[in-house]
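Read through the structure below, which is laid out as structure tokens, and then see the notes.
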Amino acid sequence: MQLAANVTSGDAVDWHSINWKHVYRTVKNLRQRIFRASRENDLKHVRSLQRLMLRCQANVLESVRHVTQVNAGKDTPGVDQVIVTTPEERGRLCKQLSHLDLHHVRPVRRVYIPKRKGRRPLGIPTIVDRCVQAMGKNALEPFWEARCEGSSYGFRPGRGCHDAIERIFRVARPGTTRPWVLDADIAGAFDPAS
């Protein structure tokens with residue numbers, strides 16, 4: 016099988032020669048295998064596939080592309096003030112992530128964003144840490160998606176407000192046996208302890 020990206024003389028990835036179709040297919044295939052193993056409750060196989068995903072070059076490439084080209088915060092630096100904008104920098108970042116200890120993280124940059132009632136703290140990780148998070152997400156998300164409730168819509172891939180509204184419309188229509196509806200919002204659930 017052909018490698019998804021060629022390596023230049025400096026051992027950095029040649030960003031322009033990447034076969035993105037192959038990269039996406041590889042990551043999607045591994046995610047589906049993790050999902051199936053989780054559904055079958057084969058935890059040993061799940062862990063093996065997750066380790067494979069974390070070492071997979073296609074996962075590194077997709078994560079770097081997502082963080083440095085697709086994500087809206089791609090031009091926001093962390094505490095190291097580094098942003099990655101050129102193909103050469105992306106190639107070097109891929110090489111760095113391939114040899115990185117995934118358990119070592121840098122501090123986040125604290126920024127306060129305005130809200131109606133004051134300000135909310137926001138932590139901005141470094142580009143390298145964001146890439147590691149994206150790699151970890153690809154390894155962990157399929158496992159948990161296989162175990163989530165079918166009627167859960169918040170912060171789930173491929174689901175949104177309209178799916179939840181449609182479900183409510185089907186369940187709460189006249190003539191059903193549902194005696195009540197609960198609408199709750201937990202204020203301050205994620206606020207830091209005062």
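Oh and the sequence shown: position 160 is 175 in our numbering, straight run, nothing missing.
Glycine is no exception: its CB is placed at the ideal position from the N, C-alpha and C atoms.
What's the C-alpha gap between residue i and residue j?
| i | j | result |
| --- | --- | --- |
| Y127 | G133 | 9 Å |
| D90 | V99 | 8 Å |
| D144 | V120 | 6 Å |
| N34 | V75 | 13 Å |
| L137 | G190 | 46 Å |
| S53 | L67 | 15 Å |
| R46 | F158 | 8 Å |
| S167 | G173 | 12 Å |
If I follow the unbroken alpha helix (DSSP H) through residue i, where does it start and stop?
| i | result |
| --- | --- |
| I180 | 176-186 |
| H37 | 35-54 |
| R66 | 58-70 |
List the endpoints of the continuous beta strand (DSSP E) containing residue i.
| i | result |
| --- | --- |
| L117 | No beta strand (DSSP E) holds L117; DSSP gives it neither H nor E. |
| R131 | R131 -> no beta strand (DSSP E), and no H or E assigned at all. |
Select from the options the residue whose C-alpha is nearest the C-alpha of residue i.
| i | options | result |
| --- | --- | --- |
| H37 | K110, E77, R66, R48 | E77 |
| C109 | E160, A179, E156, V82 | V82 |
| G165 | A179, K152, C71, F184 | A179 |
| L4 | R171, I142, P140 | No answer is possible for residue 4: the residues shown for the chain start at 16 and end at 209. |
| G88 | Q111, H118, I142 | I142 |
| R70 | V97, K43, V94, L112 | L112 |
| V97 | E160, V85, V123, H114 | V123 |
| D200 | G169, R80, V42 | G169 |
| R151 | V79, E55, A27, R51 | Before going further, note that residue 151 is Gly rather than Arg in the sequence given. Checked all of V79, E55, A27, R51; the closest Cα to G151 is V79. |
| A27 | V94, H114, A161 | H114 |
According to DSSP, which residues form a beta bridge with residue i?
| i | result |
| --- | --- |
| G138 | R125 |
contact_flag[the segment 101-108, the segment 54-74] where n(CB pairs < 8 Å) is 3 or more: no
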